[in-house]
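A.B. asks: Order-wise, the sequence lines are chains L and V.
If you're matching positions, the first sequence starts at 125 in our numbering and goes up one per residue.
If you're matching positions, the second sequence starts at 642 in our numbering and goes up one per residue.
We put the beta carbon where it would ideally sit given N, CA and C, even for glycine.
Nothing here was measured: the structure is a model prediction, and the numbers come from that model.
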Amino acid sequence: MIYSEDDRVLLGHGSGGILTSDLISQLFLHYFKNDILEELSDSAFLQMKSKKISFTTDSFVVDPLFFPGGDIGKLAVCGTINDLAVSGAKPMFLSCGFIIEEGFSLSQLEKIVRSMAEEAEKAQVKIVTGDTKVVAKGQCDKLFINTSGIGKLPAKYIGLSKAEYICKGDKIIINGSLGDHSISVLSARNSLKIQANLVSDCAILNELIYQVLDNSRGVKFMRDATRGGLATVLYELAENKKYGIAIDENSIPVKDTVRGVCELLGFDPLYLANEGKVVMIVAEESANEILKIMKRHPLGKESCIIGEVSETNPGLVWLNTQIGGKRMVDKLSGEQLPRIC
Amino acid sequence: MKYIDEYRSPELVNCLLSLIKQTSTKEINLMEVCGGHTMAIHKFGIVDMLPKNIHLLSGPGCPVCVTDKKYIDQCIAYSRMQNTIITTYGDLIRVPGSSSSLEKEGAKGADIRMVYSTTDALEIAKANPQKKVIFLGIGFETTAPGSAVCIQQAFQENISNFYLFSAHKIMPPALKLLADGEIRIDGFICPGHVSTITGSKIYETLADENSISCVVCGFEPLDILQSIYMLVKQIEKNETRVEIQYTRAVQPEGNILAQKILMDVFEVRDDWWRGFGIIPSSGLKIRDKYKQIDAETEFDVDVEETILDIGCICGEILKGLKSPNECLLFGEACNPSNPAGACMVSNEGSCHAFYKYGKNI
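1) Measuring only between beta-carbons, confirm whether methionine 452(L) sits less than 7 Å from chain V.
2) Where do the ends of the alpha helix (DSSP H) carrying histidine 678(V) lie?
3) Give the interface partners of lysine 997(V) over in chain L, defined as CB-CB distance under 8 Å, in chain order.
4) Using CA coordinates, which residue listed in Tyr334(L), Leu302(L), Ala213(L) is at the minimum distance from serine 178(L)?
5) Return the chain-ordered list of same chain residues with a C-beta closer than 7 Å to the C-beta of serine 340(L), the five sequence neighbours on each side being excluded.
6) Taking threonine 725(V) as part of the beta strand (DSSP E), name the residues at either end of that continuous run.
7) Let me know the alpha helix (DSSP H) ranges lying completely inside the stretch 718-788 of chain V, each 4 residues or longer, listed in chain order.
8) Please tell me whether methionine 690(V) has its Cβ less than 7 Å away from any Cβ of chain L.
9) Whose C-beta lies closer than 7 Å to the C-beta of leucine 276(L) among residues of the same chain, with five residues either side of it excluded?
10) Within the same chain, show all residues whose beta-carbon is closer than 8 Å to that of tyrosine 662(V), passing over the 5 residues directly before and after it, in chain order.
11) Within a Cβ cutoff of 7 Å, which residues of the same chain sit near alanine 936(V), ignoring the five residues on either side of it in sequence?
12) What does DSSP give as the partner residue(s) for lysine 250(L) in the beta ladder?
13) Counting pairs of Cβ atoms below 8 Å between the stretch 372-384 of chain L and the stretch 442-458 of chain L, do you hit three or more?
14) Looking at the structure shown, is glycine 924(V) part of a helix, part of a strand, or coil, going by DSSP?
15) Using a C-beta to C-beta distance shorter than 7 Å, which residues of chain L count as neighbours of arginine 649(V)?
16) Quick check on valine 654(V) - is its C-beta less than 7 Å from some C-beta in chain L?
17) Measuring only the C-alpha atoms, how far is serine 868(V) from valine 857(V)?
18) Along the chain, where does the alpha helix (DSSP H) that runs through arginine 420(L) open and close?
19) Does any C-beta atom of chain V lie closer than 7 Å to the C-beta of serine 457(L)?
20) Suppose the cutoff is 7 Å on Cβ atoms and the five residues either side in sequence are ignored; what does the same chain contact list for serine 922(V) look like?
21) Within 7 Å of any Cβ in chain B, is that where the Cβ of arginine 383(L) sits?
22) How close, in whole Å, do the beta carbons of cysteine 428(L) and threonine 350(L) come, if the pair is a contact with beta carbons under 8 Å?
23) Scan the stretch 970-981 of chain V for residues whose Cβ lies nearer than 8 Å to a Cβ of chain L and list them as they occur along the chain.
24) Counting only C-beta atoms, is aspartate 207(L) closer than 7 Å to chain V at any point?
25) Would isoleucine 934(V) and alanine 795(V) be called neighbours here (beta carbons separated by less than 7 Å)?
26) Considering only C-alpha positions, which residue in the set Ser742(V), Ile753(V), Phe781(V), Asp864(V) is nearest to threonine 729(V)?
27) Using a Cβ cut-off of 8 Å, pull out every chain L residue sitting near histidine 683(V), in sequence order please.
28) Counting Cβ pairs closer than 8 Å, one from the stretch 282-292 of chain L and one from the stretch 382-399 of chain L, do we hit at least three?
29) Rounded to a whole number of angstroms, what is the C-alpha to C-alpha distance between aspartate 182(L) and leucine 456(L)?
30) Straight-line CA distance for glutamine 771(V) to serine 229(L)?
31) Which partner residues of glutamate 432(L) appear in the DSSP bridge assignment?
32) Assess, as a yes-or-no matter, whether the stretch 662-671 of chain V is touched by the stretch 984-996 of chain V under the definition of 3 or more beta carbon pairs within less than 8 Å.
33) What residues in its chain sit with their C-beta under 7 Å from that of valine 201(L), if we drop five residues either side in the sequence?
34) Within the stretch 281-347 of chain L, note down every full alpha helix (DSSP H) run reaching 4 residues or more, in order along the chain.
35) With a threshold of 7 Å between beta-carbons, can aspartate 380(L) be considered close to chain V, or not?
36) Against chain L, does isoleucine 687(V) count as a neighbour if the rule is that its beta carbon must be under 7 Å from one of theirs?
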């Protein structure tokens, strides 16, 4: 560790002067080390052969900063990489912007930067540019991070994010249980005094996604089920009113711990945020093959088919309930859990 | 999951549905009094599983829904006082008052905090001795004991900055009003959690004087279907009795200790129910003994004149006279993101349940 427990972020760390330079060279360059960042120019110079690129951005304000299974840094890298990966792009470069509250612990910042570097390395993505601002105590809550990402998008995957080819009979696949991230973060908040034996599912999905894309045909759409959860992903798809979507409550994996907390606090797992779950819409005839490929990957072991696209009820998503009834799955209104990512 | 899946078994659901279908011959109206039942019925898709001759009506048992708009306006006035923290259960935050809501006041700078229990509110008061901490006490016999215990504790521990603003209500007068009213109710699916406190005897006058069958019901799908089956059997035999289906939680005499605490802290008063108007002896006022904790007596605030709802038919919906989709505002002018009335805000509100789960599939 570079910093000790007592070291704090000072307003000067964001001034652009000596303290800023020190922070960049001692902390960010040390962990994010790569040829492009080391040039320390105002802009990063990138070379890409791809004709098409994907570009995305996301901001992270999770509270608390550290939770079982991750921290805000891991989340900030995984979130942006996953947004690129589900559009079919191969993530290449990230930027990161830090907004830090005066007095924040430098050793905690170091832990966060280190976990960002670890995730970026796993995904073989370079963090090539960044920015640090420090605001006076009380003007932000500890630390916010923004990351933007660029990936190269092979021409054959351009249609993936447009969801143009979805039709009746297509199967809906998810790579594991819902709500682990939300409930882990919630349990890490002292205010609720919930003890849940659970870790966040926060993970980079690009490898799993590329194994599926490179070894199968028939994936028609992908989206990571983050804020708003599975329900929101499906509702937004059905909104075009071309088809309806049916999901089966009995097939949707939800851990007992998550169900228990949902029962207690009145949450619906379908709407809980996930940080390592991808929803795929795949052609009926390819579904089993895709499922097999997914199950071979550590992040896809619990993959399963949870529903299908239907020609009835265009524009609606509905749930075949555990007891054999049916109910509509509507768009989330209001905020179920603030500052979850 | 243990203690949950047992009550959601598809095989037993089918078994009960068959029994209901075999037994039920009459066209009947059953009212589920509690908002928790309304939500469960829609969440599990029970409405469409029942035979068409059984009509379920939603009753007035959603605490937020029956809370008067004037109360919300007064909460908003409290939230505008200097050095004040408003603590409340979540649903109330988004309920529209005459010109604002607690959510909007929070955005403008008021300190509004959602809590899950009265204990949390008391903790906030202890942690902020320089501030006035007001807890908004709403709900029926289910939540009122929690408020009562909290008032006793604040009194005993001399926590001088904690206050409670009571809109607590009791259920029997409202049920009697409905039973005497214009809509024919053949059976009440009686509120399970209210009954854990009150016991089941409070329904006896409804069975004896109004000839309405009553079954105290739990909140899982099998509880609800079994209660409907018990009601159907009574109605088919022209019997009107009070039965308890929710035996794992409810005793005929109720929770005596909680009743004593309620009696110690509160006295009954006439109260205004949204959609109903004044119902005699239906509200709970903090007794003089604890008056220094009563926000109503402690704070004199200017409350804006309450503007009555226009177009919103919550009143008729709460009385079971109309269904949410008969309201002209439903869906377009009134939805969970932009609610015109409390029934669309609360998770237990019938308009919310209809909007969220109710489209025909």
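C.D. replies: In terms of the structure at hand:
1) yes
2) 676-684
3) Under the 8 Å cutoff, chain L gives Met452, Asp454.
4) Ala213(L)
5) Ser410, Glu413, Ile414, Ile417
6) 725-729
7) 743-749, 759-768
8) yes
9) Sequence check: residue 276(L) is lysine here, not leucine. So the qualifying residues of the chain are Met172, Ser174, Ile177, Ala213, Lys214, Met216.
10) One detail in the question is off: residue 662(V) reads as lysine in this sequence, not tyrosine. For lysine 662(V), where only same-chain residues beyond five positions count, the Cβ hits under 8 Å are Pro692.
11) Around alanine 936(V): Tyr719, Ile775, Tyr804, Leu805, Phe806.
12) Phe217(L)
13) yes
14) strand
15) Gln446, Ile447
16) yes
17) 7 Å
18) 411-420
19) By this cut-off, serine 457(L) is an interface position.
20) Cβ neighbours of serine 922(V) beyond the five flanking positions: Pro814, Val909, Asp911.
21) Absent from the structure: chain B. Protein chains present are L and V.
22) Taking a contact as a CB-CB distance under 8 Å, the pair cysteine 428(L) and threonine 350(L) does not count as one, their CB atoms being some 20 Å apart.
23) Asn976, Pro977, Ser978
24) no
25) yes
26) Selected option, being the one with the closest Cα: Ile753(V).
27) Arg451
28) no
29) The alpha-carbon atoms of aspartate 182(L) and leucine 456(L) are separated by roughly 20 Å.
30) 29 Å
31) Lys295(L), Ala370(L)
32) no
33) Leu218, Met240, Glu243, Ala244, Thr271
34) 304-312, 330-339
35) yes
36) Judged by the 7 Å Cβ criterion, isoleucine 687(V) is in contact with chain L.
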